[in-house]
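Trainee:
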Amino acid sequence: MKKHSLKIVSVLFFLLFSVFNGQANNESKSDPDKIVNLSTNEQQFIATMQKHLNAISNRDLESLSSTLSPSGQMQLILPGTEIIEGIDGFLAFHEEWFEDKSWTMATKIVSTEIGKTIGLAVTEAIYKEPLRNGKPYFNRMSVTYVLRKEAGKWYVIKDHCSSIEKVSSEETADDLREKYHADEYGMKKYVIAFLKTGPNRDLDQEAANALQAAHMENIGKMAEAGQLVLAGPFLTQGDLRGIYVFNVETIEEAKELTNSDPAIQAGSLIMELKEWYGSAAVMSINELHKKMTEE
């Protein structure tokens, strides 16, 4: 399907340039001087196109800018995004992209159709990132450029990129099972702690506030260490105050963690521990929560 679509696009571009440049080609066949001029014209076209490609591969914004039309006309068409119009938008996109120093991109000119004042180049780009979602990323693209000659110089006025072949950056089921230490059913073992009212609740407001702050700080430390994957209070009043879900294998490990809680140490809370078999997706809660609380 992709090959068929590319053939249709190629035919349309060929017809378009035949209409625009037919007269120029006919003249060049009948006049030897025109043939020499077209050869020089082609060399200039390819030199501009190669300079543009090199500027992208080298993250050279200044050199890239020099290949763009003084008229300001530019159109960038990328898969799955809105068209970016104008030189300012084109350069802003590349400036942000060039800040990432991890990627590499190799390019080559595959074919050209060159007239007197307008031309087309089909290029291939091999884009690579060392890691995306924990694994190498690869994208082979076909990029079609339209160039226009203004005041004797060629400039790029259109950039249309299509992906031909790429490695998916999405994590597979196997990737996720490995990442979260899940079994074949996507499940894993945890230990749940049920927080209950302890014997020592007779604290003045200042002491209670200080103890609550220390309790919350300890929760944050365990979460950062990957030991605590879920915590929260119950909204109803009663002896059952809240829960912890620990990413540990044994009750003994969970006891060690609960004993680090200042509220447990002060006797304000006690805990009942139970082994639990649940979805390994629970392990992603802290990561998602951080993203949702970013400003």
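For the sequence shown, the positions run 786 to 1080 when the working numbering is used. By construction, the Cβ of each residue, glycine as well, lies at the ideal position given by its N, Cα and C atoms. From a predicted model like this one, the values you see are computed outputs, not experimental measurements.
What first and last residue would you give for the alpha helix (DSSP H) that runs through residue 882?
Mentor: Position 97 of the sequence shown holds residue 882. Run containing residue 882: 872-883, per the alpha helix (DSSP H) assignment.
Trainee: Pairs of beta-carbons, one from the stretch 967-978 and one from the stretch 867-884, closer than 8 angstroms: are there three or more?
Mentor: Touching, no.
Trainee: Evaluate contact between the stretch 848-859 and the stretch 934-948, counting only Cβ atoms and requiring at least three cross-stretch pairs below 8 angstroms.
Mentor: With a cut-off of 8 angstroms, the stretch 934-948 and the stretch 848-859 count as touching, because enough Cβ pairs lie within range.
Trainee: By the three-class DSSP mapping on this structure, what secondary structure does residue 1034 have?
Mentor: The residue labelled residue 1034 in the question sits at position 249 within the sequence shown. Coil at residue 1034, not helix or strand.
Trainee: Please list the segments of the beta strand (DSSP E) lying wholly inside the stretch 933-970, counting only runs of 3 or more residues, in order along the chain.
Mentor: For the stretch 933-970, whole beta strand (DSSP E) runs of length 3 or above, ordered along the chain, are 938-951.
Trainee: Return helix, strand or coil for residue 886, following the three-state DSSP convention.
Mentor: Counting from 1 along the sequence shown, the entry for residue 886 is found at position 101. Coil.
Trainee: Have a look at the DSSP bridge pairing and note the partners of residue 920.
Mentor: Against the sequence shown, residue 920 aligns to sequence position 135. Residue 920 is bridged to 917.
Trainee: Tell me residue 925's beta-bridge partners as DSSP assigns them.
Mentor: The sequence position of residue 925 within the sequence shown is 140, counting from 1. Per DSSP, 911 and 950.
Trainee: Starting from the Cα of residue 1058, find the closest Cα among 1067, 895, 1037 and 995 and give me that residue.
Mentor: Here residue 1058 corresponds to residue number 273 of the sequence shown, with the count starting at 1. Nearest option by C-alpha distance: 1037.
Trainee: Taking 8 angstroms as the cut-off, does the stretch 830-838 touch the stretch 872-882 (at least 3 CB pairs, one atom from each stretch)?
Mentor: In short, these stretches do not touch, since the Cβ pair count stays below three.
Trainee: Are the stretch 925-935 and the stretch 843-850 touching, with three or more C-beta to C-beta distances below 8 angstroms?
Mentor: Segments in contact, no.
Trainee: So residue 960 and residue 1023 are supposed to be a Cβ contact under 8 angstroms. How far apart are they, rounded?
Mentor: Taking the first residue of the sequence shown as position 1, residue 960 is located at position 175. Taking the first residue of the sequence shown as position 1, residue 1023 is located at position 238. Not really, about 42 angstroms apart at Cβ, beyond 8 angstroms.
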